[in-house]
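Here is the structure we will look at, set down as structure tokens.
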Amino acid sequence: MNGPRPSTRVFLSDLSSLQADSKVRFLGCVAHYTITTGHLILEHNYPRSKAAPSSVSVDINALLEDLTAEELRVGTWLNVVGYVRESEPVPPLSPSSSFPSTPGDANRPNQRPSAILPRPVYVEAIMVFPAGAISIGEYERILCNSQHVERMIQFTH
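Heads up: take any position in the sequence shown, counting from 1, add 623, and you land on the working numbering.
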């Protein structure tokens, strides 16, 4: 087969368990954007039994010319296609290099801590696009069911 390999749909919380260089597609909510590094911090509170939402750094440097300020705004849900990479290349967040969601957020510290992934990974994005008006609960249910079916198929082969 010629052409690029397909991406695997995963939950953001699953990224740290995947092999480096895995091509993935996942959904995440913008929690922070660091202008100086060109990295987004995305979160998704799934599974809900966790104390803090899972988060991952996404390198969007290759896509900066195509992204709008609205897509980088805190609270925006994004679909990301990219490659899982080892080690977190992002330095600690500094409020002066952040892109605030509203003018009032510029003077406010981060509202809540994010969960630290068990293995430090980041995603090198090759495509980012807005999720639009999405029902997160429905998305989680459908992806969970899809992953269950894929596991059953692999088990029978």
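The C-beta atom is built at its ideal place from N, Cα and C for all residues, glycine as well.
Measure the C-alpha to C-alpha separation of residue 644 and residue 630 and round it to an integer number of angstroms. Locating residue 644 in the sequence shown gives position 21, where the first residue counts as 1. Locating residue 630 in the sequence shown gives position 7, where the first residue counts as 1. Taking the straight line joining both Cα atoms gives about 11 Å.
Span of the alpha helix (DSSP H) holding residue 771? In the sequence shown, the residue the question calls residue 771 occupies position 148. 759–779 is the span of the alpha helix (DSSP H), which, as asked, contains residue 771.
Can you tell me which of the three DSSP states residue 645 falls into? Position 22 of the sequence shown, counted from the first residue, corresponds to residue 645. In the structure shown, residue 645 sits in coil (DSSP, three-state: anything other than H, G, I, E or B).
Taking 8 Å as the cut-off, does the stretch 649–669 touch the stretch 693–703 (at least 3 CB pairs, one atom from each stretch)? As far as the Cβ criterion goes, the stretch 693–703 touches the stretch 649–669, which means the pair count is three or higher.
Where the beta strand (DSSP E) containing residue 752 begins and where it ends: The residue labelled residue 752 in the question sits at position 129 within the sequence shown. Its beta strand (DSSP E) spans residues 744–753.
Closer than 8 Å by C-beta to residue 628: which residues in its own chain qualify, once you throw out the five before and the five after it? Chain order, please. The count along the sequence shown starts at 1 and reaches residue 628 at position 5. These residues qualify, in order along the chain: 646.
Simplified DSSP assignment, three categories, for residue 668: If you number the sequence shown from 1, residue 668 lands on position 45. DSSP, reduced to helix, strand and coil, places residue 668 outside both helices and strands of the structure shown, so it counts as coil.
Closest residue to residue 662 among 648, 675, 683 (Cα-Cα distance): Working through the sequence shown from its first residue, we reach residue 662 at position 39. Closest by alpha carbon: 683.
Selection from 768, 690, 637 that minimises the alpha carbon distance to residue 746: Within the sequence shown, residue 746 is the residue found at index 123, counting from 1. It is 637 whose Cα lies nearest to the Cα of residue 746.
Would you check if the distance between the CB atom of residue 705 and the CB atom of residue 681 is smaller than 8 Å? In the sequence shown, residue 705 corresponds to position 82, counting from 1. In the sequence shown, residue 681 corresponds to position 58, counting from 1. Yes, the pair counts as a contact, with Cβ atoms nearer than the cut-off.
Below 8 Å on the Cβ atoms is my guess for residue 748 versus residue 703; work out the distance and round it to an integer in Å. Looking up residue 748 in the sequence shown gives position 125. Looking up residue 703 in the sequence shown gives position 80. Confirmed, about 5 Å.
Can you check DSSP and say which residues form a bridge with residue 653? Here residue 653 refers to the residue found at position 30 of the sequence shown. Residue 653 pairs with 665.
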